[in-house]
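K.L.:
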């Protein structure tokens, strides 16, 4: 503290001010490693003149290219560099056209679409064009209905395969889902969409306020808190049965449910015994056990997805909300953030990092936006991911550990945004109405 | 009404000199303090660990998040040092034509000791003349032997399998292994006093599901921190991705070398 005081005093003079600015600079000379794989996704060819094929082809090609681009691990070669002949099968593939400039690519994904007997048949290959002796990396065939949704789904599957092969064994997220809250119908309801913002569909029609949806690890249920019957109460919706399933309505305010990674326990915040504390019950709501015992409000629990043995949560026991860490039985509580206003913790899938929203300068008249941060849970070191972009909240990691989805209020309206886990490639997924509190599925 | 005191002008040169001197002294103090504090480095138990050390976090975060690190090399213009022409794979050394010589009485020919350096031969880096700098997009395919790679901290290479045929057939898998190991090799773990170091050789096996097992240090570099950093790089990796489907074996053995260069 004394050092900070002395440095602040010297800030008045421009020479020392310049040196302090040097202190604040982040060194971005990170360990470089190999270059990204240069990948070209050639437009797939249609094998027949069936009238239903062209729009399916268009959907397939756009979806495949954007899935590979979104993965964050490829250097996608722009389509304007591709050679004019389109390969539709390995016989038509000319390696020498691809491994030289202008494309100068290392890998090519190509294939063909066909409609046979009313079914869409897709054959896709991945070639290593720098290896002339054995270029084949992978060949797959898919069958589905001749519909747009099916073409999109097959493109997601093929992209996931490529990402898994070339991305070091981590499964792709092209088929994962995001649940979120949307008020575009007038009320805050639970909605769901694909990871790229497509296929947005309404799940609940309670006509009331719903908050903090969380999808279960096996993807079969969504737990959220709802004001439909007073409360708010934890409500459970089954995606397999397409209806609500029973969950006890405890007294007081009950919100922010969180699933344990084995899918057997639910942690939530409840004020059934006075102040808001974290309770853990089984997924039918039986035997809730209290695990925190501090006044000031404890909420937003999040289980460590790798071990299930730790819970990160938010507590206002010192005044403003801060992020805490405790074992799953409530022991060993440790504080992670030291200042400001920190909320909404979410773990990375490898259980090493926490992302949360933090307003480090909090108070009237103090300029400061709320940004997304990532902190190493073991060493407590953190890095800021968003800058100068309004209020950002409710971050959630993707199952591959490479992306973070969050809510951002830029231009006055809350929308769901996604970005790579190093803060780059931020883009909006929703535009209609206002959209809040996204949660990524486990796979 | 004229007030006399406003007409008085006291001596100003003296106080002005004193004031200028004090300002100069204050500026110098600030410069010295700023210089001293940036040189002081990490003092034990002093300072706010949250603010001082988050500079390191970018490295840590970037390296355990499974994204490839961003390209940020201001020095390299091409992916390799070659002038842009494809380099042929290193030819095996041609057998020397036997010179017909009169054998001496007791001449013994020593078997030629094959050093590791002869097998893993990298082409010597060619200094890039200005007329050889090729604008982006118009260079022919940069090629390098699949078993060599470059990381920020130095170079590395490997052989796969028994006779290298795995690398011929599944070059994409080999590249993936190189990428993952070089992403997880942290330069800052090596003793900062080291400038260059001999190679450290590691051997490990990749199981069918892609997990590295049986990591052994087969030849040390002589610098313990470099050896430890190489082994740690392997330990950070959960999986390389399952082995290619049509590969018949159950595992692949890999010999991997790291070369450190500050």
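Protein chains in written order, with my numbering: chain A, 1032 to 1474; chain B, 3 to 264.
We put the beta carbon where it would ideally sit given N, CA and C, even for glycine.
From a predicted model like this one, the values you see are computed outputs, not experimental measurements.
Which class does residue 1308 of chain A belong to by DSSP, given the choice of helix, strand or coil?
P.N.:
Residue state, collapsed to three classes: strand.
K.L.:
For residue 1087 of chain A, is the classification buried or exposed, using 16 other Cβ atoms within 10 angstroms of its Cβ as the cut-off for buried?
P.N.:
Buried: at least 16 other Cβ atoms inside 10 Å.
K.L.:
If you count every other CB in all the chains shown that lies within 10 Å of the CB of residue 1096 of chain A, and 16 or more means buried, which is it?
P.N.:
Buried: at least 16 other Cβ atoms inside 10 Å.
K.L.:
If the criterion is Cβ atoms closer than 8 Å, does the pair residue 1345 of chain A and residue 1424 of chain A meet it?
P.N.:
For residue 1345 of chain A and residue 1424 of chain A, no; Cβs fall outside 8 Å.
K.L.:
Using a cut-off of 9 Å between C-beta atoms, extract the partners of residue 170 of chain B located in chain A.
P.N.:
Correct list: 1162, 1164, 1165.
K.L.:
Does the beta-carbon distance from residue 1103 of chain A to residue 241 of chain B come in below 8 Å?
P.N.:
Against a cut-off of 8 Å, the Cβ pair of residue 241 of chain B and residue 1103 of chain A comes out as no contact.
K.L.:
Taking the alpha carbon of residue 1068 of chain A as the point to measure from, which residue in B/238, B/174, B/215, B/252 has its own alpha carbon closest?
P.N.:
For residue 1068 of chain A, the nearest C-alpha among the options comes from B/174.
K.L.:
Would you mind giving the Cβ-Cβ distance between residue 220 of chain B and residue 205 of chain B, rounded to the nearest angstrom? I have them listed as a contact below 8 Å.
P.N.:
Contact flag correct, Cβ pair sits at about 5 Å.
K.L.:
Who are the near neighbours of residue 1325 of chain A in its chain, counting only those whose CB is closer than 7 Å to its CB and skipping five residues on each side?
P.N.:
Excluding sequence neighbours, residue 1325 of chain A sits near 1346, 1348.
K.L.:
What does DSSP give as the partner residues of residue 208 of chain B in its beta bridges?
P.N.:
DSSP output for residue 208 of chain B lists B/214, B/254 as bridge partner(s).
K.L.:
Bridge partners for residue 1422 of chain A per DSSP, in chain order?
P.N.:
In the DSSP output, where bridge partners are listed per residue, residue 1422 of chain A has A/1440.
K.L.:
Counting Cβ pairs closer than 8 Å, one from the stretch 1115-1134 of chain A and one from the stretch 1198-1218 of chain A, do we hit at least three?
P.N.:
Too few Cβ pairs lie closer than 8 Å, so no.
K.L.:
On the three-pair Cβ rule with 8 Å, is the stretch 1456-1468 of chain A touching the stretch 1130-1145 of chain A?
P.N.:
At 8 Å Cβ cutoff, the stretches do not touch.
K.L.:
Using only the alpha-carbon positions, how far apart do residue 1177 of chain A and residue 1167 of chain A sit?
P.N.:
Their backbone Cα atoms lie some 28 Å apart in a straight line.
K.L.:
Please list, in chain order, all residues of the same chain as residue 51 of chain B whose beta carbon is under 7 Å from its beta carbon, the five residues on each side excluded.
P.N.:
At residue 51 of chain B, the pLDDT of 44 sits below 50, so the modelled position is not reliable and the matter cannot be decided from this model.
K.L.:
DSSP three-state call for residue 1261 of chain A: helix, strand or coil?
P.N.:
Strand at residue 1261 of chain A.
K.L.:
So, does the CB of residue 220 of chain B fall closer than 8 Å to a CB anywhere in chain A?
P.N.:
Chain A, which has no Cβ nearer than 8 Å to the Cβ of residue 220 of chain B, makes this no.
K.L.:
Any contact between the stretch 1269-1276 of chain A and the stretch 1302-1311 of chain A? By contact I mean 3 or more CB pairs, one from each, below 8 Å.
P.N.:
Counting Cβ pairs under 8 Å, fewer than three are found: no touch.
K.L.:
To the nearest angstrom, how far is the alpha carbon of residue 1212 of chain A from that of residue 1145 of chain A?
P.N.:
Near 39 Å, if we compare the C-alpha coordinates of residue 1145 of chain A and residue 1212 of chain A.
K.L.:
List in chain order: all unbroken beta strand (DSSP E) runs of 3+ residues lying wholly within the stretch 1075-1117 of chain A.
P.N.:
Those beta strand (DSSP E) runs which fall completely within the stretch 1075-1117 of chain A and span 3+ residues are 1105-1107.
K.L.:
By how many angstroms is the C-alpha of residue 1447 of chain A removed from the C-alpha of residue 1290 of chain A?
P.N.:
In a straight line, the C-alpha of residue 1290 of chain A is about 22 Å away from that of residue 1447 of chain A.
K.L.:
Can you list, in chain order, the residues of the stretch 229-242 of chain B whose Cβ is nearer than 9 Å to any Cβ on chain A?
P.N.:
Answer set for the stretch 229-242 of chain B: 239, 240, 241, 242.
K.L.:
I'd like to know if residue 1104 of chain A contacts chain B, where contact means its C-beta is closer than 8 Å to some C-beta of that chain.
P.N.:
Yes - at least one Cβ of chain B is within 8 Å of the one on residue 1104 of chain A.
K.L.:
Would you mind telling me which residues of chain A sit closer than 7 Å to residue 209 of chain B, beta carbon to beta carbon, in chain order?
P.N.:
Result: empty, since nearest Cβ-Cβ is about 12 Å, beyond 7 Å.
K.L.:
At which residues does the beta strand (DSSP E) containing residue 1189 of chain A begin and terminate?
P.N.:
Note, residue 1189 of chain A: premise wrong, no beta strand (DSSP E); alpha helix (DSSP H) at 1179-1197.
K.L.:
Is residue 1350 of chain A buried or exposed, if buried means 16 or more other CB atoms sit within 10 Å of its CB?
P.N.:
It is exposed - the Cβ of residue 1350 of chain A has fewer than 16 other Cβ atoms within 10 Å.
K.L.:
Quick one: what's got a C-beta closer than 6 Å to residue 264 of chain B's C-beta in the same chain, skipping five residues either side?
P.N.:
Taken in chain order, the residues that qualify are 197.
K.L.:
Under a CB-based cut-off of 8 Å, is residue 227 of chain B close to chain A?
P.N.:
False, the Cβ-Cβ gap to chain A never drops below 8 Å.
K.L.:
Is DSSP giving residue 1175 of chain A helix, strand or coil here?
P.N.:
Residue 1175 of chain A: strand per DSSP, three-state reduction.
K.L.:
What's the C-alpha gap between residue 1165 of chain A and residue 1159 of chain A?
P.N.:
So the alpha carbons of these two residues sit roughly 8 Å apart.
K.L.:
Can you round the beta-carbon distance between residue 1226 of chain A and residue 1207 of chain A to whole angstroms, since I take them to be within the 8 Å contact cut?
P.N.:
Between residue 1207 of chain A and residue 1226 of chain A the Cβ distance is about 5 Å, and since that is below 8 Å, they are a contact.
K.L.:
Between residue 182 of chain B and chain A, is the shortest Cβ-Cβ distance under 8 Å, so that the two count as touching?
P.N.:
Yes, because at least one Cβ of chain A sits closer than 8 Å to the Cβ of residue 182 of chain B.
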